[in-house]
Amino acid sequence: MRAKAGLWLRRALGVGLLLGAWQLASLHFSPLVVPPIPQVAATLVHLFQEPDFWPTVGTTLLRLAAGLAIGIGAGGVLGLIFGLCPKLEDVGTPMIHVLQSVPPVCWVVLALVWFGFNGLPCIFIVATATVPTVVINLSHGVRSVDRELLEMAKLYRFSHWKTLRHVTLPSIRPYFNSALEIVIGGGWKLAVMGEVLTTNSGIGGAITSARLNVQPDAIIAWAFLLVAGCFLTQKLLRLLCCRKGGVVC
Numbered sequence: 001m002r003a004k005a006g007l008w009l010r011r012a013l014g015v016g017l018l019l020g021a022w023q024l025a026s027l028h029f030s031p032l033v034v035p036p037i038p039q040v041a042a043t044l045v046h047l048f049q050e051p052d053f054w055p056t057v058g059t060t061l062l063r064l065a066a067g068l069a070i071g072i073g074a075g076g077v078l079g080l081i082f083g084l085c086p087k088l089e090d091v092g093t094p095m096i097h098v099l100q101s102v103p104p105v106c107w108v109v110l111a112l113v114w115f116g117f118n119g120l121p122c123i124f125i126v127a128t129a130t131v132p133t134v135v136i137n138l139s140h141g142v143r144s145v146d147r148e149l150l151e152m153a154k155l156y157r158f159s160h161w162k163t164l165r166h167v168t169l170p171s172i173r174p175y176f177n178s179a180l181e182i183v184i185g186g187g188w189k190l191a192v193m194g195e196v197l198t199t200n201s202g203i204g205g206a207i208t209s210a211r212l213n214v215q216p217d218a219i220i221a222w223a224f225l226l227v228a229g230c231f232l233t234q235k236l237l238r239l240l241c242c243r244k245g246g247v248v249c
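Residue numbers for the sequence shown follow full-length UniProt numbering, so the first one is 1 and each next one is one higher.
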């Protein structure tokens, strides 16, 4: 208990130092450069009171969810296939390395050419960034399944499907949970970046509007909301994983 209290105290100290440095900087620079904390707090309250706040957040959430669903679905299937069939992994590894190595901004530009200025580029960039992480984690997890469990499944004459369901999938759950935590955290940033560059809707559109109107307080307020959204979704994921026996707690 005391160790946990000490951890929270150190975290609170870190936040306090950050806020203190921010407030000191706001005293030495124009509010158009470093807006003071009270101004950002007032802007944050104002954002919640705007009628289009929840539709704006909902638009980004839908794009994020769609991109993650596509990326996790495709990455999950490929990860299992690559883990179970090493020769197919040799064939697919170059593709995964390409997806992992190309900067997200390049995918944004390509998505603009392919899909135009709408929400599809945001979904595309989240999906393309999600696939490699899920594939790599799951394929590694499949290769790490306890060989004794697999031998026992053979001894009891488990079918391939039964072995996959009762041995392989439960064994790779920690790897899947870790991949989810990574892609959800990165997905928020990529979805909003895509909106900033490709559309005028969602949280990214609101940030673009604040930039054009020279409102750094609004940009920082939206940034705080993004941090909160990412934190809450990852916390929810950890609770679900713990409840289902995962290790991401």
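Heads up, the beta-carbon is just placed ideally off N, CA and C, and yes, glycines get one too. If you're wondering where the values come from, they're calculated on a predicted model, not measured in any experiment.
Let me check understanding here. Comparing Cα to Cα, which of the options lies closest to residue i?
i	options	result
G204	P170, L180 and T60	T60
H140	P55, I72, G16 and G79	G79
D217	G119, L155 and L44	L44
E195	V105, A5, E151 and L17	V105
A179	G73, T199 and R11	G73
Q100	T128, G14 and A69	T128
F124	G71, L17, T199 and V15	G71
K189	R10, E151 and A65	A65
A21	L9, P86 and V34	V34
Using C-beta distances below 6 Å, list every residue in its chain close to residue i, excluding the 5 sequence neighbours before and after it, in chain order.
i	result
V183	T130 and T133
P31	none
S159	none
L212	none
T208	V196
L149	V167
T163	A153
L232	none
Looking only at its own chain, which residues have a Cβ that is under 7 Å from the Cβ of residue i, when we skip the five neighbours before and after it?
i	result
L19	I37
L47	F53 and A221
T56	G202, I203 and A206
G246	Note on G246: pLDDT 47, under 50, position unreliable in the model; the coordinate value appears next. For G246, where only same-chain residues beyond five positions count, the Cβ hits under 7 Å are R173, P174 and N177.
G92	L78 and F82
M185	Here the sequence assigns Gly to residue 185, which means Met is not the residue at that position. Only C230 and Q234 meet the Cβ criterion.
L84	V142
E89	F82 and S139
L7	none
What is the C-beta distance between residue i and residue j, in whole angstroms, given that I count them as a contact (C-beta under 8 Å)?
i	j	result
A191	G67	7 Å
V108	L226	Not really, about 18 Å apart at Cβ, beyond 8 Å.
I96	V126	Between V126 and I96 the Cβ distance is about 17 Å, and since that is not below 8 Å, they are no contact.
R63	G119	5 Å
residue 252	A111	Past the boundaries of the shown model lies residue 252; the chain is included only from 1 to 249, so the question cannot be answered.
G76	L138	6 Å
Among residues of its own chain, excluding the 5 on either side of residue i, which ones have a beta-carbon nearer than 8 Å to its beta-carbon?
i	result
L239	none
I'd like to confirm something about residue i: is its beta-carbon nearer than 8 Å to some heavy atom of the ligand NAD, or not?
i	result
Q49	Among the ligands in the structure shown, none appear at all, so the ligand NAD cannot be discussed.
With a cut-off of 9 Å, does the C-beta of residue i fall near any C-beta of chain E?
i	result
R11	Given the protein chain composition of this structure (a single chain), no chain E is represented.
Using 8 Å as the cut-off, can you tell me whether the segment 40 to 58 makes contact with the segment 212 to 222, which would need three or more C-beta pairs spanning the two stretches below that distance? Judged by Cβ distances under 8 Å, the segment 40 to 58 makes contact with the segment 212 to 222, as three or more pairs qualify.
Any 3 or more C-beta pairs closer than 8 Å across the segment 15 to 29 and the segment 158 to 171: Not touching, per the Cβ criterion.
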